[in-house]
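Visitor:
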Amino acid sequence: MENNSEELLDLEKFKEKITEVSKSDKESFIESDIEIINFDKIKEEYFFNKKLKEVPSSNDGLYISKDKKMIFVEFKNAKSEVIKEYDLGKKNYDSVCILSDILNISIRDLRKKTKYILVYSSEKNPIIDFGQALLKKSSLPNNDLENKKKNCFGQKKFLNYLYSNIEALNDKEFKEKYLGKEII
3 MENNSEELLD LEKFKEKITE VSKSDKESFI ESDIEIINFD KIKEEYFFNK KLKEVPSSND
63 GLYISKDKKM IFVEFKNAKS EVIKEYDLGK KNYDSVCILS DILNISIRDL RKKTKYILVY
123 SSEKNPIIDF GQALLKKSSL PNNDLENKKK NCFGQKKFLN YLYSNIEALN DKEFKEKYLG
183 KEII
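Going by the working numbering, the first residue of the sequence shown is number 3, and it counts up by one from there.
Dropping the structure here:
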């Protein structure tokens with residue numbers, strides 16, 4: 003994934019700690035010194051360099067492993083009812099298009115090595131996790147919030163279309179599964 007074109011961006015210069023990338027309204031959502039690419043800043047420079055008429059949407063962060071596998075991460079420190087499926091979808095479309103252009107690779111090739119993680123607040127959405135616990139113990143019908151998590155807040159439609167894998171995790175699950183070790 004060489005970036006030979008002068009107009010293309012140097013992704014490394016956009017690396018920041020997850021603590022910074024996960025900020026919303028000046029409040030850090032995930033505390034971590036692990037660095038990922040601040041994709042919101044990539045989007046801003048891309049918009050400026052391309053002289054676009056409208057600012058694209060973007061996921062918050064991008065992690066690229068040593069073997070060039072990638073994870074887009076979207077941090078949502080909000081209640082599930084304010085997390086909008088359409089807005090997330092636009093962020094996914096725009097982010098993949100921007101990255102494809104920057105890296106000069108097809109969406110097909112990008113899809114093979116890229117996954118998506120939506121990280122939501124367990125504190126602001128305790129019913130999602132409570133619903134999961136109930137489902138494990140009984141055959142009660144799924145609640146609305148549990149369905150949102152299973153469907154990754156409407157983003158499962160991008161599985162095998164934009165991404166090779168998609169998951170929604172609460173902040174505690176994300177920290178346990180991914181932080182403190184190689185993410186992929």
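C-beta atoms are modelled at their ideal positions from N, C-alpha and C, and glycine is treated no differently.
1. For a test of the three-state rule: what should DSSP assign to Phe155, helix, strand or coil?
2. For Leu171, which residues of its own chain have a beta-carbon under 7 angstroms away from its beta-carbon, when the five flanking residues on both sides are left out?
3. Report the partner residues of Leu64 according to the DSSP bridge assignment.
4. In chain order, what residues of the same chain have a beta carbon less than 7 angstroms from the beta carbon of Lys68, not counting five sequence neighbours either side?
5. Taking the alpha carbon of Phe31 as the reference point, which residue from Ile168, Asn127, Tyr88 and Glu22 has its own alpha carbon closest?
6. Looking at Ile20: is its Cβ nearer than 8 angstroms to the Cβ of Ile39?
7. From Asp173 to Ser108, what distance separates their C-alpha atoms?
8. From what residue to what residue does the alpha helix (DSSP H) around Val23 run?
9. Considering Cα atoms alone, identify which of Lys151, Lys152 and Asn127 is closest to Lys81.
10. Three-state secondary structure (DSSP) at Ile129?
11. Look up Tyr121 in the DSSP assignment and give the residues it is bridged to.
12. Please state whether the Cβ-Cβ distance between Asn106 and Leu164 is less than 8 angstroms.
13. Since Ser34 and Asn79 should fall inside the 8 angstroms C-beta cutoff, what is the C-beta to C-beta distance between them, to a whole number of angstroms?
14. Any idea if Ser26 is buried or exposed, counting beta-carbon neighbours within 10 angstroms, 16 or more meaning buried?
15. Count the other C-beta atoms from every protein chain shown that fall within 10 angstroms of the C-beta of Glu14, then say buried if there are 16 or more, exposed otherwise.
16. Output needed for Val57: all residues of its chain with C-beta closer than 6 angstroms, excluding positions within five of it in sequence on either side, in chain order.
Guide: Straight from the coordinates:
1. Correct three-state label for Phe155: coil.
2. Answer for Leu171: Ile119, Val121 and Lys179, listed in chain order.
3. Paired residues: Ile39 and Phe74.
4. Cβ neighbours of Lys68 beyond the five flanking positions: none.
5. The residue with the shortest Cα to Cα distance from Phe31 is Glu22.
6. For Ile20 and Ile39, no; Cβs fall outside 8 angstroms.
7. Looking at the backbone, the Cα of Asp173 and that of Ser108 are separated by about 32 angstroms.
8. From DSSP, the alpha helix (DSSP H) with Val23 extends over Ile20 to Val23.
9. Out of Lys151, Lys152 and Asn127, the CA that lies nearest to the CA of Lys81 is found in Asn127.
10. Residue state, collapsed to three classes: helix.
11. Tyr is not the amino acid found at residue 121; the sequence shown has Val there. According to DSSP, Val121 bridges with Phe77 and Leu171.
12. Not in contact: Asn106 and Leu164 (Cβ atoms no closer than 8 angstroms).
13. Contact doesn't hold; Cβ gap of about 14 angstroms is too wide.
14. A residue is called buried when at least 16 other Cβ atoms come within 10 angstroms of its Cβ; Ser26 does not meet this threshold and is exposed.
15. Exposed is the call here.
16. Closer than 6 angstroms at the Cβ level, and outside the excluded window around Val57, lie Phe49.
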